[in-house]
Amino acid sequence: MVQTLGYVKETPSQTAGPYVHIGLAPGAAGLDRFPRQLGQVIAGPQSLGERIRVEGRVLDGVGTPLTDVLIEIWQANAAGRYNHPEDCRELAVEPDFSGFGRVAPDFGTGIFSFETVKPGPVPGPGGRSQAPHLNLWLVARGINLGLNTRMYFGDEQAANATDPVLGRIESAARRGTLIARRDGAEPVYRFDIHLQGASETVFLDI
Amino acid sequence: MNTPPTAPGDFHARDHAWHPPALTPAYKTSIARSPRQPLLSLPQTLSEITGPTFGQPDLGPLDDDLILNYAHGGEPVGERIIVHGRVTDGNGRPVPGALVEVWQANAGGRYRHFKDTYLAALDPNFGGCGRCLTDADGAYAFRTIKPGAYPWPNATDSWRPAHIHFSLSGSAFCQRLITQMYFEGDPLIARCAIVRTIPDPEAVARLIAPLDMPAAKPFDALAYRFDIVLRGRRSTIFENRLEGN
Numbered sequence: 000m001v002q003t004l005g006y007v008k009e010t011p012s013q014t015a016g017p018y019v020h021i022g023l024a025p026g027a028a029g030l031d032r033f034p035r036q037l038g039q040v041i042a043g044p045q046s047l048g049e050r051i052r053v054e055g056r057v058l059d060g061v062g063t064p065l066t067d068v069l070i071e072i073w074q075a076n077a078a079g080r081y082n083h084p085e086d087c088r089e090l091a092v093e094p095d096f097s098g099f100g101r102v103a104p105d106f107g108t109g110i111f112s113f114e115t116v117k118p119g120p121v122p123g124p125g126g127r128s129q130a131p132h133l134n135l136w137l138v139a140r141g142i143n144l145g146l147n148t149r150m151y152f153g154d155e156q157a158a159n160a161t162d163p164v165l166g167r168i169e170s171a172a173r174r175g176t177l178i179a180r181r182d183g184a185e186p187v188y189r190f191d192i193h194l195q196g197a198s199e200t201v202f203l204d205i
Numbered sequence: 000m001n002t003p004p005t006a007p008g009d010f011h012a013r014d015h016a017w018h019p020p021a022l023t024p025a026y027k028t029s030i031a032r033s034p035r036q037p038l039l040s041l042p043q044t045l046s047e048i049t050g051p052t053f054g055q056p057d058l059g060p061l062d063d064d065l066i067l068n069y070a071h072g073g074e075p076v077g078e079r080i081i082v083h084g085r086v087t088d089g090n091g092r093p094v095p096g097a098l099v100e101v102w103q104a105n106a107g108g109r110y111r112h113f114k115d116t117y118l119a120a121l122d123p124n125f126g127g128c129g130r131c132l133t134d135a136d137g138a139y140a141f142r143t144i145k146p147g148a149y150p151w152p153n154a155t156d157s158w159r160p161a162h163i164h165f166s167l168s169g170s171a172f173c174q175r176l177i178t179q180m181y182f183e184g185d186p187l188i189a190r191c192a193i194v195r196t197i198p199d200p201e202a203v204a205r206l207i208a209p210l211d212m213p214a215a216k217p218f219d220a221l222a223y224r225f226d227i228v229l230r231g232r233r234s235t236i237f238e239n240r241l242e243g244n
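Chains as they are written, first to last, in numbering that gives the first Met the number 0: chain A, 0 to 205; chain B, 0 to 244.
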């Protein structure tokens with residue numbers, strides 16, 4: 000026998016189910032009495048940087064868009080700083096920049112869309128810089144443990160080429176599943192997430 | 000790159016053998032929605048060890064009281080209960096300021112959601128949405144109505160045990176967790192295909208809240224206790240900063 004270490008295991012996950020909106024995005028469920036919805040504004044008007052819109056779908060293994068998925072977004076501001084006390088670098092965070100968003104797709108089409116500012120690069124392991132990215136977390140009926148992934152920007156070829164996370168993905172095709180295509184002058188970044196199949200998105204164990 | 004004066008350690012790895020796997024065929028919806036490629040394991044960076052944080056101004060005054068927060072001119076039907084517990088981390092330390100969000104069906108097993116068409120009636124006084132923040136000791140509490148069981152289209156005899164959905168946001172995006180709380184003594188727990196996605200019976204037991212009579216409010220509400228554990232952080236015995244930050 001040996002001594003016991005005393006760590007406690009994490010509470011096990013269960014699916015968010017089809018009615019996740021009631022709890023996390025009550026307006027999307029049709030509940031009108033909870034005016035303060037969290038994660039509605041990622042970057043308010045005072046937040047600096049390029050204004051962008053991200054649009055896409057989450058597709059299952061048969062190619063059907065999920066209409067009941069909920070996506071959370073966590074990102075740095077345009078200067079590359081997170082709105083969090085442990086990011087103690089001397090970079091400013093605008094008062095209306097939360098960096099946190101929640102988005103549910105349209106129940107008819109499965110298309111999700113959100114507006115934010117393009118983040119700056121953030122520090123990575125070994126003193127390397129990470130290319131600008133959004134951190135994403137997906138929950139839905141049929142997903143037993145929330146899925147983490149990232150969205151990178153297609154017009155950041157140089158930064159993406161040296162990004163330590165993208166660099167860990169051997170297959171160029173799979174690497175491409177994390178890179179959104181910039182479209183139009185607005186601009187819109189198009190980003191579909193594939194839960195399985197030939198184009199399965201790279202999901203992360205963070 | 001700037002070096003911060005101090006940076007706490009990263010978080011313990013998630014134990015994927017303890018959580019349900021992505022593909023659990025008896026829960027049919029998981030079949031087409033489960034990734035088949037291995038997850039890419041990453042060293043943690045600021046992107047993972049930071050995350051959204053919340054404060055009282057983010058919440059409304061009745062957010063922790065599901066008996067009153069949707070009531071119009073009456074109170075909801077059902078068994079009045081208090082659900083309370085502590086949020087701690089894998090090192091046994093409290094997680095203060097964690098956002099606890101809950102959602103649930105009403106006493107008849109019907110959700111207030113336009114996609115729920117179960118024949119049990121909606122309760123005009125029950126919304127089923129609540130949230131609160133943990134205190135300095137990691138404690139939280141809600142007042143609500145015990146949800147009902149309901150059938151769901153997995154197999155023809157699939158019924159969900161009474162449950163409350165819980166969403167937890169700690170201090171880091173990598174701690175994000177959604178789970179479900181079940182009630183002690185419910186015979187539907189052992190039959191449920193969603194519960195059974197969890198391989199280890201000890202892990203299932205962690206989701207079953209015991210009746211907590213000492214915490215019940217006499218002549219008013221029963222109480223159930225549900226403690227939650229989020230991922231803990233590595234100690235920083237030999238380092239005081241995350242490499243590279």
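Don't be surprised by glycine CBs; every beta carbon is placed ideally from N, CA and C.
So what's Gly243 of chain B in DSSP terms, helix, strand or just coil? With a pLDDT of 41 at Gly243 of chain B, under the threshold of 50, the modelled position of this residue cannot be trusted, and the question is left open.
In terms of residue numbering, what span does the alpha helix (DSSP H) encompassing His20 of chain A cover? That run of the alpha helix (DSSP H) goes 19-23.
Can you tell me the Cα-Cα spacing of Leu221 of chain B and Cys87 of chain A, whole angstroms? Take the alpha-carbon of Leu221 of chain B and the one of Cys87 of chain A: they are about 45 Å apart.
Would DSSP call Asp88 of chain B helix, strand or coil? In the structure shown, Asp88 of chain B sits in a strand (DSSP, three-state: E or B).
When DSSP builds the beta bridges, which residues end up paired with Cys191 of chain B? Cys191 of chain B is not bridged to any residue.
Mapping DSSP to helix, strand and coil, what is Cys87 of chain A? Coil at Cys87 of chain A, not helix or strand.
Would Ser46 of chain A pass as a contact of Asn82 of chain A if the rule is Cβ separation under 8 Å? No, Cβ-Cβ distance for Ser46 of chain A and Asn82 of chain A is not below 8 Å.
Can you name, in chain order, every residue of its own chain whose Cβ lies under 6 Å from the Cβ of Gly38 of chain A, other than the five neighbours on each side? Excluding residues within five positions, the ones whose Cβ falls inside 6 Å are Phe99, Gly100, Arg101.
For Thr5 of chain B, is the classification buried or exposed, using 16 other Cβ atoms within 10 angstroms of its Cβ as the cut-off for buried? Interpretation of Thr5 of chain B is limited by its pLDDT of 40, a score under 50 that renders its predicted location unreliable; no figure is taken from the coordinates.
Quick check on DSSP: helix, strand or coil for Leu229 of chain B? Per DSSP, reduced to three states, the secondary structure at Leu229 of chain B is strand.
Coil, strand or helix - Gly166 of chain A by DSSP: Helix, per DSSP.
On the DSSP bridge assignment, give the partners of Cys173 of chain B in chain order. In the DSSP output, where bridge partners are listed per residue, Cys173 of chain B has none listed.
What residues in the region 111-140 of chain B have a beta carbon less than 7 Å from any beta carbon of chain A? Within the region 111-140 of chain B, the qualifying residues are Arg111, His112, Phe113, Lys114, Asp115, Gly126, Gly127, Cys128.
Any residues in the region 50-61 of chain B with a beta carbon nearer than 8 Å to a beta carbon of chain A? Which ones, in chain order? Of all residues in the region 50-61 of chain B, only Gly50, Pro51, Thr52, Phe53, Asp57, Leu58, Gly59 place a beta-carbon less than 8 Å from a beta-carbon of chain A.
Could you confirm whether any beta carbon from chain B is found closer than 8 Å to the beta carbon of Arg174 of chain A? With 8 Å as the cut-off, Arg174 of chain A does not count as an interface residue toward chain B.
Out of B:Leu167, B:Glu201, B:Asn124, which one is the CA nearest neighbour of His18 of chain B? Selected option, being the one with the closest Cα: B:Glu201.
Is Asn105 of chain B closer than 8 Å to Gly147 of chain B when the C-beta atoms are compared? Judged by their CB atoms, Gly147 of chain B and Asn105 of chain B are nearer to each other than the 8 Å cut-off.
If you reduce the DSSP assignment to three classes, tell me which class Asp57 of chain B lands in. The answer is helix: DSSP assigns Asp57 of chain B an H, G or I state.
Beta carbons nearer than 8 Å to chain B: which residues of the region 17-32 of chain A have them? Taken in chain order, the members of the region 17-32 of chain A whose beta-carbon sits within less than 8 Å of a beta-carbon on chain B are Pro17, Tyr18, Val19, His20, Ile21, Gly22, Leu23, Pro25, Ala28, Gly29, Leu30, Arg32.
Are the region 67-81 of chain B and the region 30-38 of chain B touching by the rule of at least three beta carbon pairs closer than 8 Å? In short, these stretches do not touch, since the Cβ pair count stays below three.
Range of the contiguous alpha helix (DSSP H) that encloses Glu47 of chain B: Unbroken alpha helix (DSSP H) run through Glu47 of chain B: 45-48.
Measure the Cβ-Cβ separation of Pro64 of chain A and Gly109 of chain A and say whether it is below 8 Å. Inclusion of Pro64 of chain A and Gly109 of chain A in the CB contact set at 8 Å is warranted, their separation being smaller than that value.
Between Tyr69 of chain B and chain A, is the shortest Cβ-Cβ distance under 8 Å, so that the two count as touching? Yes, Tyr69 of chain B counts as interfacial toward chain A.
Could you tell me which residues DSSP pairs with His83 of chain B in its beta bridges? Under the DSSP definition of a beta bridge, His83 of chain B partners with B:Ala140, B:Arg224.
So, does the region 47-56 of chain A touch the region 189-199 of chain A, judging by three or more C-beta pairs under 8 Å? The region 47-56 of chain A, when compared against the region 189-199 of chain A, does touch it at the 8 Å Cβ threshold.
Okay, do the region 135-142 of chain B and the region 76-94 of chain B touch, 3+ Cβ pairs below 8 Å being the bar? When C-beta atoms of the region 135-142 of chain B are compared with those of the region 76-94 of chain B, three or more pairs fall below 8 Å, so the two segments count as touching.
Per-residue contacts from Phe218 of chain B into chain A (C-beta, under 9 Å): What Phe218 of chain B touches in chain A: nothing, since even the nearest Cβ is about 29 Å away.
Residues near Ser46 of chain B by beta carbon distance below 8 Å, same chain, minus five either side: Here the set comprises Phe172.
Segment limits, beta strand (DSSP E) that includes Gln74 of chain A: Counting along the chain, Gln74 of chain A sits inside the beta strand (DSSP E) bounded by residues 69-74.
Gly231 of chain B versus chain A: which residues are under 9 Å apart at the beta carbon? Within chain A, the residues near Gly231 of chain B are Tyr6, Val7, Glu9.
Which chain A residues sit within Cβ distance under 7 Å of Ile144 of chain B? Chain A residues near Ile144 of chain B: none, gap ~14 Å exceeds 7 Å.
Relative to chain B, which residues along the region 124-144 of chain A have a C-beta separation below 8 Å, given in chain order? Taking a C-beta cut-off of 8 Å against chain B, the contacting residues of the region 124-144 of chain A are Pro124, Gly125, Gly126, Arg127, Ser128, Gln129, His132, Asn134, Trp136, Val138, Ala139, Arg140, Gly141, Ile142, Asn143, Leu144, listed in chain order.
I'd like the list of long-range same chain contacts for Asn143 of chain A, defined as Cβ closer than 8 Å, with 5 residues on each side in sequence excluded. Hits under 8 Å: Ser12, Gln13, Thr14.
Evaluate contact between the region 58-66 of chain B and the region 166-179 of chain A, counting only Cβ atoms and requiring at least three cross-stretch pairs below 8 Å. No, the region 58-66 of chain B does not touch the region 166-179 of chain A.
Give the secondary structure of Ser29 of chain B by DSSP, where H, G and I count as helix, E and B as strand, and everything else as coil. Three-state result, Ser29 of chain B: helix.
Strictly under 8 Å for the Cβ-Cβ distance: is Leu187 of chain B near chain A by that measure? Closer than 8 Å: no.
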